[in-house]
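J.: Can you keep this structure in mind? I'll have questions shortly.
In the numbering used here, the protein residues as written are 20 to 733.
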């Protein structure tokens with residue numbers, strides 16, 4: 020190099036990469052893309068290069084099979100290095116490459132969503148480089164490469180940590196041949212808490228006669244694993260990670276999920292860094308096949324999407340302020356290359372989850388580029404049946420139909436907040452395809468029948484009767500009120516979007532379809548005796564059945580509830596019980612109250628609480644205090660139980676057979692509600708008086724400083 024200024028590297032790989040300049044970590048990444056939409060990163064190398072000779076080393080990882088995060092296509096690594104306009108280095112046939120045999124190829128999945136864990140042997144890589152070749156039948160560079168559609172992630176210095184317990188593990192001989200996670204989960208432990216808890220990183224090292232170490236990072240973090248350790252002999256070190264210590268140790272193995280990896284270390288000190296995949300972590304556990312060790316560091320380098328500002332909610336109530344701050348931490352932990360449902364177990368991009376996250380981000384961060392890129396990734400997953408994949412850009416054998424309907428709402432909301440005409444124009448054909456597909460499925464009942472096939476999961480939320488475990492065959496058709504409501508919301512949103520973009524005829528057509536569907540839903544599903552909407556209709560019997568908060572909330576939010584019964588429906592939704600009197604005429608399909616006296620509504624979960632809260636806030640005089648008291652109760656419960664980010668469900672880690680996530684993006688909803696209704700930060704006309712919300716002195720404080728100060732504030 021000449022003066023080593025304005026040095027840039029462009030990198031595209033088909034899974035993930037790590038770039039080292041002069042044996043120093045410079046960058047890592049790999050955007051989740053598609054075979055026909057391949058993304059490259061642009062990296063500023065000025066901080067890492069020097070005049071004269073420099074070394075360049077790129078490690079490219081190829082997953083090689085589909086997961087929720089990745090859609091497989093042929094392995095490739097494409098890169099070019101420039102100093103100003105001069106090309107210094109470019110990939111292609113003949114470039115020196117070698118297979119990194121220190122990594123074991125066949126290893127367990129962390130989860131089917133995330134993909135593989137890893138097993139690594141720390142030794143010099145002595146294999147001689149060979150010239151790169153072009154894969155048979157694959158033309159390198161076929162098709163265009165596109166720039167990353169959002170900002171590259173920032174990597175922070177190693178986070179503080181402490182050794183919170185140490186001792187010894189024992190395992191049965193028959194378990195030694197099991198997987199890394201199984202061995203750790205099945206081991207017997209005798210642990211003691213070091214007093215005082217040694218802090219990491221430690222320059223002199225922490226010396227303990229222990230082979231089982233538990234490290235606390237202090238809060239839920241997302242980042243890259245970093246280990247600096249000295250062992251007295253060649254040995255294996257197993258590393259487990261998790262979000263809690265409910266088993267008195269890290270929960271390394273849950274069913275077929277394996278939150279553990281394996282390192283083979285030589286005698287002496289080794290520094291191991293794994294920037295190829297992010298981990299969602301509060302605790303690490305080390306099992307060391309040696310009698311003792313010296314630990315210099317075990318923890319993470321936190322990884323963040325760079326935000327430029329945060330509108331921080333303030334008020335006179337410390338609990339509501341803490342709920343807001345924890346909600347922001349939850350959002351940050353679930354946004355990296357795209358929105359993620361949770362950083363520990365899945366890291367997947369869903370429409371329903373990301374809708375909550377987008378609404379929060381529009382108000383809290385003024386962040387639109389990130390939302391736009393996630394909407395683009397989702398749009399490219401459109402299938403031939405007019406539905407989106409369950410997750411993007413990955414592939415799965417089934418999808419959730421209502422998740423495609425909510426995408427129409429997401430796109431319309433994005434346009435409302437961003438005024439980004441060009442992005443929305445590029446998504447419009449996908450939205451129309453989805454909408455037309457739903458309309459085409461409306462049958463002579465005037466409703467959309469439940470989808471029939473193993474390729475479809477008729478899921479609505481994780482509550483009894485709503486999680487998609489309903490029998491359905493071609494011979495016995497069912498109809499689901501939640502699906503109809505989501506489609507009505509989607510068609511209404513698309514109609515509004517078409518009108519804003521000047522397509523009046525299409526707007527009128529979609530709105531007419533929504534109105535007709537709404538009328539039919541009210542006629543079939545409304546039960547006047549109960550003053551509620553049933554969730555399901557089985558015409559063969561015929562009957563309507565199943566009463567829940569979600570269906571009432573969706574009916575209100577979709578606009579299908581007539582004014583004459585709106586207050587009755589809201590009263591039941593607020594109470595969680597059927598409150599109507601029995602004198603009203605019965606729905607001909609409904610069981611009489613004499614036959615079925617159950618008056619409880621199935622409660623709504625955290626994921627869909629936004630629908631309940633916004634439905635109730637249509638009558639702020641009656642229900643605003645209830646909404647914000649419920650937030651204080653439920654989210655305060657999580658805080659009192661040690662939450663540093665908000666949980667997937669109120670059951671916490673015990674849910675889903677001990678696999679519940681303790682950091683879930685869909686649970687950040689209070690961030691949106693505070694900023695929309697308590698301060699009306701966007702001047703939408705949604706401000707509710709503190710005398711109604713019960714939250715005194717609401718306001719905002721702008722934190723505006725690009726870089727790590729925003730992250731450190733939270």
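Cβ atoms here follow ideal geometry from the backbone N, Cα and C, with glycine treated the same way. If you're wondering where the values come from, they're calculated on a predicted model, not measured in any experiment.
Please work out which residues of its chain come closer than 6 Å, Cβ to Cβ, to residue 460, disregarding the five sequence neighbours upstream and downstream, and give them in chain order.
T.: For residue 460, where only same-chain residues beyond five positions count, the Cβ hits under 6 Å are 467.
J.: In whole angstroms, what is the alpha-carbon distance linking residue 331 and residue 344?
T.: Taking the straight line joining both Cα atoms gives about 8 Å.
J.: Rounded to whole angstroms, what is the Cα-Cα separation between residue 355 and residue 324?
T.: Each residue's alpha carbon lies about 5 Å from the other.
J.: Below 8 Å on the Cβ atoms is my contact criterion, and I expect residue 277 with residue 166 to pass it. Report the Cβ-Cβ distance as a whole number of Å.
T.: Not quite, the Cβ-Cβ distance comes to about 35 Å (not below 8 Å), so this is no contact.
J.: Taking C-alpha atoms, which residue in 128, 120 and 135 lies nearest to residue 143?
T.: Taking only the C-alpha atoms, the option nearest residue 143 is 120.
J.: So, for residue 464: in the same chain, excluding its five sequence neighbours on each side, which residues have a beta-carbon less than 8 Å away from its beta-carbon?
T.: Hits under 8 Å: 498, 539, 543 and 558.
J.: Taking C-alpha atoms, which residue in 445, 430 and 592 lies nearest to residue 512?
T.: Residue 430 is the option with its Cα nearest to residue 512.
J.: CA-CA distance, residue 670 and residue 265?
T.: Between residue 670 and residue 265, the C-alpha separation is close to 13 Å.
J.: My output table needs one value for residue 267: the three-state DSSP class, helix, strand or coil.
T.: If DSSP states are grouped into helix, strand and coil, residue 267 belongs with coil.
J.: Determine the direct distance from the alpha carbon of residue 54 to that of residue 64, and round the result to whole angstroms.
T.: Looking at the two C-alpha atoms, the distance is approximately 28 Å.
J.: Distance, Cα to Cα, residue 672 vs residue 20?
T.: Going from the Cα of residue 672 to the Cα of residue 20 covers about 53 Å.
J.: In this structure, how does DSSP classify residue 202 when only helix, strand and coil are distinguished?
T.: It is helical.
J.: Can you give me the start and stop residues for the alpha helix (DSSP H) that residue 648 sits inside?
T.: Here the alpha helix (DSSP H) through residue 648 covers 639-659.
J.: Compare the C-alpha of residue 170 against each of 203, 23, 658 and 386 and name the closest.
T.: If we check each option's Cα against that of residue 170, 386 comes out closest.
J.: Residue 369: buried (16+ other C-beta within 10 angstroms of its C-beta) or exposed?
T.: With 16 or more Cβ atoms within 10 Å of its Cβ, residue 369 is classed as buried.
J.: Are the region 292-304 and the region 246-261 in contact at 8 Å, needing three or more beta carbon pairs?
T.: Output reads yes: the region 246-261 touches the region 292-304.
J.: With 16 other CB atoms within 10 Å as the buried threshold, where does residue 195 fall?
T.: Label assigned to residue 195: exposed.
J.: In the DSSP assignment, the beta strand (DSSP E) including residue 386 goes from what residue to what residue?
T.: Run containing residue 386: none; DSSP gives neither H nor E here.
J.: Only counting the same chain, and skipping five residues up and downstream in sequence, which positions put a Cβ closer than 6 Å to that of residue 26?
T.: These residues qualify, in order along the chain: 64, 65, 68 and 102.
J.: Is it true that the CB of residue 476 sits closer than 7 Å to the CB of residue 487?
T.: Taking 7 Å as the Cβ cut-off, residue 487 and residue 476 qualify as a contacting pair.
J.: Could you pull the start and end residues of the alpha helix (DSSP H) that residue 430 belongs to?
T.: 420-437 is the span of the alpha helix (DSSP H), which, as asked, contains residue 430.
J.: For residue 457, count neighbouring Cβ atoms within 10 angstroms of its own Cβ and tell me buried if that reaches 16, exposed if not.
T.: Its Cβ being crowded by 16 or more others within 10 Å, residue 457 is buried.
J.: What residues match up with residue 719 in a beta bridge as DSSP calls it?
T.: DSSP, once it has assigned bridges, lists 332 as partnering residue 719.
J.: Are the CB atoms of residue 362 and residue 682 within a distance shorter than 7 Å?
T.: Yes.
J.: In whole angstroms, what separates the C-alpha of residue 533 from that of residue 481?
T.: Computed Cα separation, rounded: 27 Å.
J.: Go ahead and pull the three-state DSSP assignment for residue 326.
T.: Of the three classes helix, strand and coil, the one that applies to residue 326 here is coil, per DSSP.
J.: Alpha carbon to alpha carbon, how far is residue 383 from residue 217? Give it in angstroms, no decimals.
T.: Whole-angstrom Cα-Cα distance: 37 Å.
J.: In angstroms, rounded to a whole number, what distance separates the CA positions of residue 709 and residue 717?
T.: Going from the Cα of residue 709 to the Cα of residue 717 covers about 7 Å.
J.: For residue 4, count neighbouring Cβ atoms within 10 angstroms of its own Cβ and tell me buried if that reaches 16, exposed if not.
T.: Residue 4 lies beyond the residue range present for the chain, which begins at 20 and ends at 733; the question has no answer from this structure.
J.: Could you give the first and the last residue of the continuous alpha helix (DSSP H) run that contains residue 57?
T.: Where residue 57 is concerned, there is no enclosing alpha helix (DSSP H), although the beta strand (DSSP E) it sits in stretches over 57-63.
J.: Which residue marks the beginning of the beta strand (DSSP E) containing residue 231, and which one marks its end?
T.: 231-250 is the span of the beta strand (DSSP E), which, as asked, contains residue 231.
J.: If you drop the 5 nearest sequence neighbours on each side, which residues of the same chain put their C-beta closer than 6 Å to that of residue 210?
T.: So the list reads 184 and 186, once near-sequence residues are dropped.
J.: Which same chain residues, not among the five before or five after residue 280, have their C-beta less than 6 Å away from its C-beta?
T.: For residue 280, where only same-chain residues beyond five positions count, the Cβ hits under 6 Å are 136, 137 and 258.
J.: Taking a contact to mean a Cβ-Cβ separation below 7 Å, would you say residue 410 touches residue 374 in this structure?
T.: No. Outside cutoff.
J.: What first and last residue would you give for the alpha helix (DSSP H) that runs through residue 675?
T.: Residue 675 -> alpha helix (DSSP H) spans 674-677.
J.: Do you know how far the Cα of residue 339 is from the Cα of residue 530?
T.: Each residue's alpha carbon lies about 39 Å from the other.
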